[in-house]
Amino acid sequence: MNKVIVTGGLGYIGSHTVVALSEEGYQVVIIDDLSNSHEGIWDRLQSLCSTELTWERINLSERTQTLETIQRHHDAMGIIHFAASKAVGESVLHPLPYYRNNLCSLIYLLEAMGAHGISRMIFSSSCTVYGEPLTLPVTEESEIQSAQSPYGNTKQIGEEIIRDVVNGEELDLKAICLRYFNPVGAHPSGIIGELPLGTPANLLPYIMQTAAGDHEHLRVWGDDYPTPDGTAIRDYIHVMDLAEAHVKALSHLDDMSSRIDYFNLGTGAGTSVLEMLASAERAVKGKIPYQVYDRRLGDIMKIYADTAKANAVLGWKAKRGLDEMTETAWKWMQSLKESPI
Ligand code: WQD
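Numbering follows this note's numbering, with no gaps: position 251 of the sequence shown is 251.
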């Protein structure tokens, strides 16, 4: 039984995980309603994967559709649940669709799993659950801070719902919550990558668009942080490393003595905005203009992961360095310019 359901499988992290699963011999059922993904990714995924792929275009916040779809695929060994809205700023302006999309879909999915006997779940969580950490690097035991946005809150509540469900009697569930740091980069083929809708809020997509001439300059949000070069520090992780961690987590579920566990997925290294820019300049082989602006509201100064638990327990370690992240992001940007999706 090597069939797995991937919700949000046409999205950024989901699509790369579908490739990693296929490489390990899994058949994949993608559930994706294209609300923040593109139909063209489906054809591209089929060209990259050698195992059977199926796509169900349904909205997981529709309960009946969700139950029916999971029933059709009740022979799946587990579900990797990515599908969620994820724009932090938008969630502040429009919290209700965030709570509906992210929480109703999780609840219906869990109900469907209970109804059809699917007992393994990997949940996409986020380092945002740690807020501005009091000590670095952050371990899985670090204190969870109150969420800074409705989006972040849906991830915290999502983790809590799953914790309560694994402890309850309604379904026989084992779950892993993966707390992502800052995923960047693209598949080395340049065939899939991140497709931000509109102007990207995230650093590397914006840098790449600036390098491609779409923006006059990168806006560096603050250079007066108490960090070595004054810019904020994050733990950027190559999306293929992240994808491979999902495959490891899925197979780890059966070895777990507890019913739920949590893992940080980062590299353990902190990188500043200007260090990322320098790596991007190496990748594009040219200068990328930037200007310093005031700090962005709600930004934290510095966060990076302690990855010892994922290294030891999942037998997984991020292998790809910063330059591989920026090189693959640039290759993807160039391939998008040549053949837009
Ligand atoms: C990184 C750094 C910016 C854009 C994101 C998600 C969050 C979580 C983690 C999933 C910051 C600076 C950015 C720009 C800049 N992921 N920056 N100019 O804020 O760490 O959070 O990843 O849950 O939800 O939003 O990532 O890429 O937006 O910013 O100077 O044009 O780059 O100020 O210091 P962030 P980011």
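Where a beta carbon is used, it is the ideal one built from N, C-alpha and C, also for glycine.
Asked                                                                                          : Found
Entirely enclosed alpha helix (DSSP H) segments - the stretch 90-160, minimum 4 residues       : 95-99, 105-116
Distance, Gly-185 Cα to Val-166 Cα                                                             : 34 Å
C-beta contact flag for Ser-91 and Ser-47 at 7 Å                                               : no
Span of the beta strand (DSSP E), counted from its first residue to its last, around Leu-178   : 174-180
Reference Gly-114; option with closest CA among Ile-144, His-74, Ala-312                       : His-74
Neighbour-count burial assignment, Leu-197, 16 or more Cβ in a 10 Å radius                     : exposed
Proximity test, Tyr-206 beta-carbon vs the ligand WQD heavy atom, cut-off 6 Å                  : yes
Identity of the residues DSSP links to Val-6 by a beta bridge                                  : Ile-30, Ile-80
Heavy atom of the ligand WQD within 6 Å of Ala-201 beta-carbon                                 : yes
Trp-332 and Gly-213 closer than 7 Å at C-beta                                                  : no
N-terminal and C-terminal residue of the beta strand (DSSP E) that Asp-261 is part of          : 260-265
Burial state of Lys-155 (16 or more Cβ within 10 Å)                                            : buried
DSSP beta-bridge partners of His-238                                                           : Val-184
Span of the beta strand (DSSP E), counted from its first residue to its last, around Arg-219   : 218-221
Given 8 Å, three or more beta-carbon pairs between the stretch 228-241 and the stretch 264-279 : yes
Met-299: CB within 6 Å of a non-hydrogen atom of the ligand WQD                                : Strictly speaking, residue 299 in this sequence is Asp, with Met absent from that position. Yes, since a heavy atom of the ligand WQD falls inside the 6 Å radius drawn around the Cβ of Asp-299.
Beta carbon of Asp-172 nearer than 7 Å to that of Ser-251                                      : no
Supposed contact pair Glu-132 and Met-301 - C-beta distance, whole angstroms, cut 8 Å          : 7 Å
Span separating the alpha-carbon of Ser-123 from that of Ala-112                               : Residue identity check: residue 123 is Phe in the sequence provided, not Ser. Straight-line Cα distance between these residues: approximately 15 Å.
Exposure label - Leu-53; buried when at least 16 CB within 10 Å                                : buried
Arg-179 CB to nearest heavy atom of the ligand WQD below 6 Å                                   : no
Cutoff 8 Å; reference Ser-22; Cβ partners in own chain excluding five residues on either side  : Val-28, Leu-48, Cys-49, Ser-50, Thr-51, Leu-53
Residues bridged to Thr-227 [DSSP beta-bridge criterion]                                       : BP columns for Thr-227 are empty, so no partner.
Ala-308 beta carbon less than 7 Å from that of Trp-316                                         : no
Val-220 CB to nearest heavy atom of the ligand WQD below 6 Å                                   : yes
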